[in-house]
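Numbering (the working numbering), first residue to last: 107 to 685. Just so you know, even glycine gets a beta-carbon here, dropped at the ideal spot from N, CA and C. A quick note: this is a predicted structure, and the numbers were derived from the prediction, not measured.
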C-alpha cells in the first residue's frame, strides 16, 4: 500500500465515515487486486464519491469547491478546450492575481496541470471538486461554443444578406473566409484537434446543424455542434487555406496546408466531398516529419524486429507492409525510409498522397488525371539511378510487375498492399499476374499490422484470467507460442502458467483509459521453405501454417503479448483483429 492510501486510511477512520472492519476488508481487496484503496471503497459503496473527495481535500491540503450552481464566464471557460476538459475532468472557473483556479476530480494529475502551465503560460491552482460540479461546467461549454461560434457566423452571414448561410458569390465567400471571427473559429478547430492528438477532423453539414468530429486513437468523437449558418464561412476558410476553388461546390476537391502550433509544424491533408446538405470536409493531421520514429516505438520487438532490421540491410529485394486503410502502413514505411536515409543512397518515391515530407528524398505525387500513375511513375523512377524505391501502393498488374523487376535489378523496393494478413500478400501478388519464380527471387519480408489503443498506466489495474477466459483465449491463439515469447523477452518468469500471467484493464469509472496507439504485427520472413511453397502455388493458409511453424506470431498473438505487457487490453486486441 502506498503512502497516499495509508494517509487516506487514517483520515477515513478519523472522520468515522467507514468502520474499521469494512476498511480492513477493502484494504485487503486493494492489495489482492493491486488497486487503489479509494477505488475499492467507492466500488463497494462504503463511502460516496463526493464524501471521499472531501476527505481527500483535507488530506491533501487542497481546497474543495462546490460548483454545482456556478456560472463561469466564457472567456475563462474557453482557456481550456472542451476535449481536454472532458478527458482530464479539469475546468477553469476563476482567474485572479494568484493564477488560474481549475476544478479537478484528480488534483494529483500532475501531467494535466503541467500541460496547462506550459500551454497557457499561467500559474495553475488546482481545486478539488465533485462529479456534479464537473457536469454543470461541461454543460456550459456547449452554450459557450454556440454563443461564440454560432452567433458570430450567423451575424456574418446576415451581413451579406444570406440568413441560411448559403452564400454563392465567390467574392462574398472570399470576404467571409478572410473575416476575423471566421478565422478565429477555424483556428480554434485546428488547435483543439492538435491538442487532442486527433488524426482526422470531420466537418459534416446537415439540415439544421454543422457537426464537428475528431478521430482520436482510431475512434470518432463529437467535438462541437454549430448552427447550419456556420457552414459557409468555415468551409470557405478551409478552402482558402488549402488553395482550393471557392466557387466549386459540385465536384470533390483535394488540398493541403500547414500551420505552426507551439513550435510544432503540422500538415493538414484536406478532402472536400459534395453531400446532400452541403460540402463535407475531412482533414487528416500529419506531423511535418517522421524524425524520432523508431521500429521499437511502433511496436516491433524480439526476433521479428531482427527480421525487419536484416531486411533493411539488403541492397535488393522487396519489403511489403499490408493491412486495411488506417492501420499505420505508411508510417511504418516512412520509419524504415528514415532509417535508410543516408547520404550515400538515392531514395525516390511515388505516392498517393505524399503524407510526410522527408529531407533528401525525392517524392513524386501520383496524378492519374494527367497520366501519372503508380505504374508510369515507377517506370520513370528506375531511370533516376535510385538505390531505394518506395511505391505507395501496389494495386494493379503493371505496378506489381514493375516493382518486382525493380527489385530484381539492384534496388530495394518498399510498398504496401491491402490484404488482411501477411501470408495473404503472396496469393494477392500472384493474382495480379506476378510470376512465382520472380516473386521468390525478390520478396524478402511481409509485415501485416493493425493499430490498438494504448492503456494509460495510471488508469489501469492488474488482473488474472479465469479458467473459462483462458479456454476462450486458447481457441483464438497458440498459448504456448505466446508464453514462450513472453518468457524469452523476460516479460514473465520461467515456468509461469497462464493463470499466473497478468493482464490489465481500465479502473472502474475511467471513461478515457486510453491515450495514443501502437501497432500489433505479424512478420513473415520469406524462408527457403516458404519460397518452395510459393513455387507450388500454396494457399495463404498453407503459407501461414508454415510461417507459424517457423515461429511467426499472428497479429492477435502479438496483441496478447502487448496486453500482458500492460500496453493495451485484451478487449482492444479483439476489436482490432476482428474480421
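For residue i, three-class secondary structure by DSSP
i	result
residue 388	strand
residue 327	strand
residue 526	coil
residue 268	Confidence is the limiting factor: at residue 268 the pLDDT is only 48, short of 50, which leaves the residue's position unreliable and the question unanswerable from this model.
residue 590	helix
residue 310	strand
residue 318	strand
residue 619	coil
residue 610	strand
residue 497	strand
residue 517	coil
residue 238	helix
residue 598	coil
residue 468	strand
residue 246	helix
residue 473	strand
residue 492	coil
residue 487	helix
residue 338	helix
residue 681	helix
residue 361	strand
residue 374	strand
residue 351	coil
residue 381	strand
residue 356	coil
residue 233	strand
residue 215	coil
residue 123	coil
Spatial distance of residue i from residue j (CA atoms)
i	j	result
residue 482	residue 566	51 Å
residue 548	residue 628	20 Å
residue 568	residue 222	30 Å
residue 161	residue 207	20 Å
residue 333	residue 288	14 Å
residue 318	residue 215	28 Å
residue 270	residue 313	Confidence at residue 270 is low in this model, with a pLDDT of 49, below 50, so the placement of that residue should be treated as unreliable; the coordinate-derived value is given next. So the two alpha carbons sit approximately 11 Å from each other.
residue 268	residue 175	With a pLDDT of 48 at residue 268, under the threshold of 50, the modelled position of that residue is not reliable, and the figure given next carries that caveat. In a straight line, the C-alpha of residue 268 is about 38 Å away from that of residue 175.
residue 409	residue 130	47 Å
residue 99	residue 592	In the structure as shown, the chain starts at 107 and stops at 685, and residue 99 therefore has no counterpart that could be examined.
residue 538	residue 241	56 Å
residue 152	residue 118	11 Å
residue 386	residue 350	14 Å
residue 266	residue 303	At residue 266 the pLDDT is 46, less than 50, meaning the model places this residue with poor confidence; the figure from the coordinates comes in the next sentence. Whole-angstrom Cα-Cα distance: 36 Å.
residue 424	residue 418	9 Å
residue 224	residue 205	13 Å
residue 376	residue 641	44 Å
residue 432	residue 505	22 Å
residue 449	residue 141	52 Å
residue 400	residue 374	23 Å
residue 622	residue 681	16 Å
residue 472	residue 458	5 Å
residue 305	residue 388	10 Å
Cβ shell of residue i (< 7 Å), same chain only, five flanking positions each side left out
i	result
residue 582	662
residue 298	187, 189 and 329
residue 686	Limits of the chain in this structure are 107 at one end and 685 at the other, which puts residue 686 out of reach.
residue 653	529, 630 and 636
residue 422	513, 516, 517 and 518
residue 439	427, 496, 520 and 522
residue 546	637, 640 and 641
Close beta carbons around residue i, own chain, < 6 Å, minus the five adjacent residues each side
i	result
residue 468	454
residue 196	208, 210 and 218
residue 234	159, 163, 168, 170 and 213
Inter-residue CB distance, residue i and residue j (contact presumed, cutoff 8 Å)
i	j	result
residue 427	residue 393	That belief does not hold up - the Cβ atoms of residue 427 and residue 393 are roughly 19 Å apart, past 8 Å.
residue 551	residue 630	7 Å
residue 146	residue 155	So it is not a contact: roughly 13 Å between Cβ atoms.
residue 239	residue 173	4 Å
residue 405	residue 624	4 Å
residue 484	residue 508	5 Å
residue 555	residue 626	7 Å
8 Å Cβ shell around residue i - same chain, five flanking residues per side excluded
i	result
residue 292	340, 343, 344 and 347
Residue i beta carbon near the ligand PLP (any heavy atom closer than 7 Å)
i	result
residue 484	You won't find the ligand PLP in this model; it holds no ligand whatsoever.
Q | Entirely enclosed beta strand (DSSP E) segments - the region 125 to 213, minimum 3 residues | A | 196 to 202 and 205 to 210
**Q.** Start-end ranges of the alpha helix (DSSP H) lying completely within the region 407 to 459, minimum 4 residues
**A.** 408 to 418 and 435 to 446
**Q.** Any alpha helix (DSSP H) of 4 or more consecutive residues that is wholly inside the region 526 to 581
**A.** 531 to 537, 542 to 548 and 573 to 580
Q: Tell me the start and end of each unbroken beta strand (DSSP E) in the region 618 to 669 that is at least 3 residues and wholly inside, in chain order.
A: 620 to 631
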